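Protein chains in written order, with the numbering used here: chain F, 10 to 308; chain Y, 595 to 1044.
We treat Cβ as the ideally placed atom computed from N, Cα and C, and that holds for glycine.
Here the structure is a predicted model, which means the values were calculated and not measured.
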Amino acid sequence: MTPRTPPGARDGSVKAKQSLPARIATRTGGGAMRVFLILVGLFWLMPTFGLLISSLRDPADIAASGWWKVFTEPAQLTAANYERLLENEAITDSLWSSVAITVPATVLVVVIGALAGYAFAWMDFPGRDWWFMGVVALLVVPVQVALVPVSKLFGEIGIFETTLGVILFHVAFGLPFAIFLLRNFFAEIPRELLEAARLDGAGELRLFTQVVMPLGAPAIASLGIFQFLWVWNDMLVALIFADSEGAPITVALQRQVRQFGNNIDVLASGAFLSMVIPLAVFFAFQRHFVSGVMAGAVK
Amino acid sequence: MATAAKAGGPGQPGPPTPQRKSVTGTHRLIAASFLLPALVLLGALVVYPIGYSVYRSFFDRSGEGFAGLDNYLEIFTDDTIFTAVKNNAVWVVVAPAVATVLGLIFAVLTERVRWGTAFKLIIFMPMAISMLAAGIIFRLVYEQEPDRGVANAVWVGVHDTFAESAGFPRARPLPVHPLTAGGGGSFITKEPVSAGTQALLPLVGVAPAKMPDDARPAKPAPAASGSEIKGTAWLDFTRGGGGKPNAIDGTELGLKGIKVEAVKDGTVVASARAKADGTFSLPASADGALLRLPAENFREPYNGVNWLGPSLVTPAIIGSYVWMWAGFAMVLIAAGLASVPRELLEAARMDGANEWQVFRRVTVPLLAPVLAVVLVTLMINVLKIFDLVYIIAPGSSQDDANVLALQLYRSSFGTDSHLGLGSAIAVLLLLLVLPVMFVNIRRMRRESRR
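Structure, rendered in structure tokens:
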């Protein structure tokens, strides 16, 4: 360090841009750290990679040796498991059931959540803050609390073991987070925008559909992705509330796990197939996905 | 009615108040219609069930007799259920802590690595998939057979590097063979060997498929030179029959790597290992000794760890959870790390702190709020863990891996259902998240006051 103060201070600030790990890296040899990170990355990929390779091997090969055998015998790879899987109606039907549950459950949460979020953000009614506080309180309620009572309730109104029941349950438990997220986002909309629209003669409904919803698009995207994955990946709710014909892919595969051992070809290819959509969503909407998961992980 | 419900009424001042209020004053009816779908669903499917569960938890199995706190007591007295309580405690303490520590390490290390984003993507990816898929993935990883489960394949590989496991379990001599049981699983020759002769050590009982890949057809040992003792250990079995006992027939394989000891008066004077063709040679000191094939030749090969057995099943499943959620911790912590002011770190360095001290005394305390959020979020999440346990734990060890959410499912929807007990567990889970509920409300109120 030179004693010249002002340039020295500038020096410091330039140096300060170098982060702690960067300094560790330069001091203890970035090589070791990089090697460590690469090993960790490979380690993290290995389980999924193992599933993928297993899904591409003949059942006899799976029973005889580990998936790593393909490194020496790449000829073992075959798409036969997937061909058989796509002819397996129990599996293909369950994929459609997954779609039939997930899409409405996502759309409904977004619409109902946005309506309520808008009301909490911009409408005036008695006890508004108390109502909203009630919604916030429900954020962390575990779904387990509702399984028995709701199955009784659904039984009484005749929608137990129907797709509608599964959807409604998912919507109800998606709402607290949806309302919380959207209300906070809508509250940031500049007041002038809404007032200008109102002066142009827009009613609440037009205000909502033509001003609030378009402006809320980023939050709605995060919420939609989060809810979509939440429902798509759910097993517990569908296990209880879906009937055998309307069971989604998770439940169909769970039934296979019961006889784990001689059906790894179905399990591995089915599990990988069930992961394709979430992974596609993940890679396509990384940023929204991350913010959605981060905001909603409380659930 | 509509006029009476008019919010704000005529008293509403023209210019907007600083408080966030309705844009121009809304009909309450409109507000109600915007809220109605949400409130009906929340009321019927979330709030009412809470009340019902609390109520039901005080009644017995049939739902008719009042049971007081009996169901709650049963949680802590019934062995299977109390296992679930204990396992849940282990889960809540271990899983969030491990995931957070890993997340912190990854976040700090990747901060300025150029391909850090790619690394983060890999670690974060498991969050996108279902716990069911993760369960199947790890069911495969933890397969017992080292030939199939990668965890045991690695484990056995490491183990065998340090303690070689031999290759010939269940190999044994026939009565006509020169070998006999030598105690402790070893085999020993009936007669002592003498220098210059051919020692024959035939065995049977090894499946051809289990023979080492590089075992070669056995050969008689080359003529002994001097006082050495030479011999052959081989599998005295000809595939398809036709071989003669005690004779080395053309296709019979050598017992590659088998250990041969020369024993005099109970002490080992020399030892050797057979080559691929089964031949071995012992020094002159073995003259007059009995040849013994020690038990280590016949030990079962090391078969790895029973990951999903009673004692390891919970740690094994926690491992799969950490695999899924470390990425979540990493992403949140990385976001927190990005907002740590660099000047503070630099100031600490100016004061002579080394990198570890800077990390320990400056970075971590500054990250404390983020770490707390991550930990609490993961704890809530772990409390309700169900899918992973249900999928990964095989039926035989599901009782050992039991957790509250699994027990709740069994009690409520299993063959021998007891809704009072199931409801009590549900209420217990709810009670455990109540503190977080209050924190959320407090934070919301603080934010709305601003």
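| message | So the candidates are 206/F, 181/F, 204/F and 187/F; which of them puts its Cα closest to the Cα of residue 227/F? | response | Here the closest residue by C-alpha is 187/F.
| If we count the other Cβ atoms within 10 Å of its Cβ and call it buried at 16 or more, is residue 152/F buried or exposed? | With 16 or more other CB atoms across the displayed protein chains lying within 10 angstroms of its CB, residue 152/F is buried.
| query | What is the residue span of the beta strand (DSSP E) that residue 751/Y lies within? | reply | Not the beta strand (DSSP E): residue 751/Y falls in the alpha helix (DSSP H), residues 744-756.
| C-alpha distance - residue 223/F paired with residue 191/F, whole-angstrom precision | Roughly 12 Å between the two C-alpha positions.
| query | Between residue 931/Y and residue 959/Y, what straight-line distance do the alpha-carbon atoms span, to the nearest angstrom? | reply | If I take the Cα positions, the gap works out to 11 Å.
| said: Determine, for residue 1010/Y, whether the minimum Cβ-Cβ distance to residues of chain F falls below 8 Å. | reply: Answer no: the Cβ-Cβ gap between residue 1010/Y and chain F never drops below 8 Å.
| said: Rounded to whole angstroms, what is the Cα-Cα separation between residue 842/Y and residue 815/Y? | reply: Each residue's alpha carbon lies about 11 Å from the other.
| field | Pairwise C-alpha distance: residue 159/F and residue 167/F | value | Taking the straight line joining both Cα atoms gives about 12 Å.
| query | Of all Cβ atoms in chain Y, is any one closer than 8 Å to the Cβ of residue 309/F? | reply | The shown model of chain F, from 10 to 308, leaves out residue 309/F, and the question about it has no answer.
| request: May I ask you to list the residues that DSSP assigns as paired with residue 889/Y? | output: Answer by DSSP bridge pairing: none, since residue 889/Y is not bridged.
| field | Rounded straight-line distance, which links the Cα of residue 627/Y to that of residue 145/F | value | Spanning the two alpha carbons is a distance of roughly 20 Å.
| field | Neighbour list for residue 43/F in chain Y, Cβ cutoff strictly below 8 Å | value | Annotation: Cβ neighbours of residue 43/F in chain Y (cutoff 8 Å, chain order): 707.
| request: Please report how far the alpha carbon of residue 202/F lies from the alpha carbon of residue 955/Y, in whole angstroms. | output: Straight-line Cα distance between these residues: approximately 47 Å.
| request: Give a yes or no on whether 8 Å exceeds the smallest Cβ distance from residue 990/Y to chain F. | output: Taking 8 Å as the CB threshold, residue 990/Y stays off the interface with chain F.
| With distances taken between CB atoms, is the gap from residue 832/Y to residue 681/Y smaller than 8 Å? | Pairing residue 832/Y with residue 681/Y gives a Cβ-Cβ distance that is not under 8 Å.
| query | Is it the case that the Cβ atoms of residue 725/Y and residue 887/Y are separated by a distance below 8 Å? | reply | No.
| task | Could you tell me how far apart the beta carbons of residue 149/F and residue 1027/Y are, in whole angstroms, since I believe they sit closer than 8 Å? | result | Between residue 149/F and residue 1027/Y a beta carbon distance of about 5 Å is seen, short of the 8 Å cut, so the two are scored as contacting.
| message | I'd like the ranges of any alpha helix (DSSP H) spanning at least 4 consecutive residues and lying wholly in the region 248-299 of chain F. | response | The DSSP assignment places complete alpha helix (DSSP H) segments of no fewer than 4 residues inside the region 248-299 of chain F at 258-266 and 273-293, in order along the chain.
| field | Any C-beta of chain Y under 8 Å from that of residue 235/F | value | Residue contact check for residue 235/F against chain Y: no CB pair falls below 8 Å.
| request: Note the first and the last residue of the continuous beta strand (DSSP E) segment covering residue 164/F. | output: Careful: residue 164/F lies outside any beta strand (DSSP E), inside the alpha helix (DSSP H) at 153-166.
| request: Under 8 Å between beta-carbons, which chain Y residues line up against residue 299/F? List them in chain order, please. | output: Near residue 299/F (Cβ distances below 8 Å), the residues of chain Y are 718 and 925.
| Neighbour list for residue 917/Y in chain F, Cβ cutoff strictly below 8 Å | Within 8 Å Cβ-Cβ: 53 and 56.
| So, is residue 239/F buried or exposed, given that buried needs 16 or more other C-beta atoms within 10 angstroms? | Buried, because 16 or more other Cβ atoms sit within 10 Å of the Cβ of residue 239/F.
| Straight-line CA distance for residue 109/F to residue 165/F? | Going by the C-alpha atoms only, they are around 23 Å apart.
| Is there contact between the region 764-784 of chain Y and the region 793-803 of chain Y, where contact requires at least three CB pairs shorter than 8 Å? | Contact holds: three or more Cβ-Cβ distances are below 8 Å.
| request: Please confirm if the region 59-68 of chain F is in contact with the region 260-274 of chain F, defined as three or more CB-CB distances below 8 Å between the two stretches. | output: Contact check between the region 59-68 of chain F and the region 260-274 of chain F: three or more CB pairs, one atom from each, fall below 8 Å, which counts as touching.
| request: Check each candidate in 652/Y, 789/Y and 1037/Y and name the one with the smallest Cα separation from residue 856/Y. | output: For the residues 652/Y, 789/Y and 1037/Y, the minimum Cα distance to residue 856/Y belongs to 789/Y.
| task | Rounded to whole angstroms, what's the CA-CA distance from residue 735/Y to residue 59/F? Just pull it up for me. | result | C-alpha separation (whole angstroms): 8 Å.
| said: Which residue wins for smallest C-alpha separation from residue 137/F, given the options 633/Y, 942/Y, 900/Y and 1032/Y? | reply: The shortest Cα separation from residue 137/F among 633/Y, 942/Y, 900/Y and 1032/Y belongs to 633/Y.
| request: Starting from the Cα of residue 674/Y, find the closest Cα among 998/Y, 1007/Y and 1035/Y and give me that residue. | output: Looking at the Cα atoms, 998/Y is the closest of the given residues.
| message | Please tell me whether residue 631/Y has its Cβ less than 8 Å away from any Cβ of chain F. | response | Judged by the 8 Å Cβ criterion, residue 631/Y is in contact with chain F.
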